[in-house]
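Student: Pasting a structure below so you can have a look.
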Amino acid sequence: MSTPNGREDAPETRKSGGIARRTGLRSWRRAAVRLAVGFVVPPLLYAVVRPAVGGDIPALVVAAAVPAAWTVGALVLLRRLDRVAVLSLATLGVAIAVSLVSGSDALLKVREAPITGAVGLALLVSAVVGRPLLPPLLRLLGRSTDGWSSRRSIVPTAVIGATLLLDAVVRIALALTLDTGTFLPLGRLAGWGILGAGLLVLIALRRRRIGRPRPEASAGPVDG
Numbered sequence: 088m089s090t091p092n093g094r095e096d097a098p099e100t101r102k103s104g105g106i107a108r109r110t111g112l113r114s115w116r117r118a119a120v121r122l123a124v125g126f127v128v129p130p131l132l133y134a135v136v137r138p139a140v141g142g143d144i145p146a147l148v149v150a151a152a153v154p155a156a157w158t159v160g161a162l163v164l165l166r167r168l169d170r171v172a173v174l175s176l177a178t179l180g181v182a183i184a185v186s187l188v189s190g191s192d193a194l195l196k197v198r199e200a201p202i203t204g205a206v207g208l209a210l211l212v213s214a215v216v217g218r219p220l221l222p223p224l225l226r227l228l229g230r231s232t233d234g235w236s237s238r239r240s241i242v243p244t245a246v247i248g249a250t251l252l253l254d255a256v257v258r259i260a261l262a263l264t265l266d267t268g269t270f271l272p273l274g275r276l277a278g279w280g281i282l283g284a285g286l287l288v289l290i291a292l293r294r295r296r297i298g299r300p301r302p303e304a305s306a307g308p309v310d311g
C-alpha cells in the first residue's frame with residue numbers, strides 16, 4: 088500500500104526526470120549544431136566557393152564566415168560576454184587582415200593554433216615548475232575555479248597544456264604540408280581527435296579522484 092509521501096513523490100520524480108531528459112536532449116542538439124557549423128560546414132563551403140572566387144584566401148574567408156556569424160548570433164541572443172568567443176572572433180579578424188596584406192593563407196588556415204599552442208606551452212611549463220596556471224586562466228575566461236586548488240590542478244594543467252600544444256603542432260604541420268582543400272577536413276578531424284583524447288584523460292583523472300577514499304573516511308575507529 089502506498090504512503091501519502093509515496094503518492095506525492097512519484098509524480099514529482101517523473102516530472103524531474105522528464106525535465107532532465109528534455110534539458111539533456113536540448114544540450115545534445117546544441118552540441119550537434121555547433122559541431123556541424125564548426126566542423127562540417129567550412130570544408131564544404133570552401134569546396135563550393137573555391138572555384139568561383141579563384142583563390143584560397145577569399146574562399147577561406149567565406150568558409151570562416153558561417154562559424155563567425157554563428158558565434159556573433161549566440162553572443163547577441165545570450166546577451167552575455169563570452170571571452171572565448173570574443174577571442175576567437177578577434178583571432179579570425181587578425182588572421183584575415185594578415186592574409187590579405189601578406190597574400191599568404193597560412194595564418195588563416197591555422198588561425199587559433201599559434202595562440203592555443205602558446206597557451207598550452209605556458210600551462211605545461213607552469214605544471215612542471217609546480218605553479219599551475221589553470222586556475223587563473225579559468226578566472227580570466229570567466230569560468231568557475233571551484234575545486235581547482237594549486238595542488239589539485241597540477242596534473243590537469245599538464246594534461247590540458249600538452250593537449251593544446253600537441254593540437255597546435257599537428258595542425259600547423261598539416262597546414263604546411265597539405266593543400267587547403269585536404270587540410271580543412273583532415274586538420275579538424277585531427278584536432279577533434281587530440282582534444283577528445285585529452286578530454287577522456289581528464290574524465291578518467293576526475294573519476295579516479297572521486298573514487299579515491301578520503302583519509303578520514305578510510306581510517307578505522309579511534310579507541311578512546
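Numbering (the working numbering), first residue to last: 88 to 311. All C-beta atoms, glycine included, are put in the ideal place defined by N, C-alpha and C.
(1) State the Cα-Cα distance for the pair P219 and A245, rounded to the nearest angstrom.
(2) Expressed to the nearest angstrom, what Euclidean distance is found between the alpha-carbon atoms of L316 and P222?
(3) Does the region 260–277 touch the region 208–216, meaning 3 or more C-beta pairs lie closer than 8 Å?
(4) Hey, L131 and V149 are a contact pair by Cβ (cut 8 Å); roughly how many whole angstroms apart?
(5) Need the endpoints of the alpha helix (DSSP H) that L265 sits in, please.
(6) For A155, I'd like the list of residues in its chain whose CB is within less than 7 Å of its CB, leaving aside the five on either flank, ordered along the chain.
(7) Can you tell me where the alpha helix (DSSP H) holding R226 begins and where it ends?
(8) Have a look at V153, A172, V163 and A139 and flag the residue whose alpha-carbon is nearest the alpha-carbon of L228.
(9) Give me the Cα-Cα distance between V136 and V128, rounded to the nearest whole angstrom.
(10) Look at the alpha carbon of T250 and the alpha carbon of V257, and state the distance between them as a whole number of angstroms.
(11) Determine the contact status of L187 and I144, defining contact as a CB-CB distance below 8 Å.
(12) Taking buried to mean at least 16 other C-beta atoms within 10 Å of its own C-beta, is V216 buried or exposed?
(13) Smallest Cα separation from L147: which of P201, T269 and L225?
(14) A214: which of P243, P201, T203 and S189 sits nearest, CA to CA?
(15) Leaving aside the five residues before and after D96 along the sequence, list all residues of the same chain whose C-beta is less than 6 Å from its C-beta, in chain order.
(16) Under the assumption that V197 contacts I259 (Cβ atoms under 8 Å), give the Cβ distance between them as a whole number of angstroms.
(17) In chain order, what residues of the same chain lie with their CB nearer than 6 Å to the CB of G142, ignoring the 5 residues before and after it?
(18) State the Cα-Cα distance for the pair S38 and R294, rounded to the nearest angstrom.
(19) Could you tell me which of L286, V159 and L164 sits nearest to L174, measuring between CA atoms?
(20) Is S189 buried or exposed, if buried means 16 or more other CB atoms sit within 10 Å of its CB?
Tutor: Once the coordinates are examined:
(1) 8 Å
(2) Here the chain has residues from 88 to 311 only, and residue 316 is not among them.
(3) Here the region 208–216 does not lie against the region 260–277, with fewer than 3 beta-carbon pairs under 8 Å apart.
(4) Actually they do not touch by this definition, with Cβ atoms about 11 Å apart.
(5) Per DSSP, L265 belongs to no alpha helix (DSSP H) and is neither H nor E.
(6) Excluding residues within five positions, the ones whose Cβ falls inside 7 Å are L176 and L179.
(7) L221 to L227
(8) A172
(9) Taking the straight line joining both Cα atoms gives about 12 Å.
(10) In this structure, the alpha-carbon of T250 lies about 11 Å from that of V257.
(11) yes
(12) exposed
(13) T269
(14) Checked all of P243, P201, T203 and S189; the closest Cα to A214 is P243.
(15) Because D96 sits at a pLDDT of 49, beneath the cut-off of 50, its placement in the model cannot be relied upon, and the following sentence gives the value as read from the coordinates. Taken in chain order, the list of residues that qualify is empty.
(16) 5 Å
(17) none
(18) There is no way to answer for residue 38, as the model of the chain reaches only from 88 to 311.
(19) Here the closest residue by C-alpha is V159.
(20) exposed
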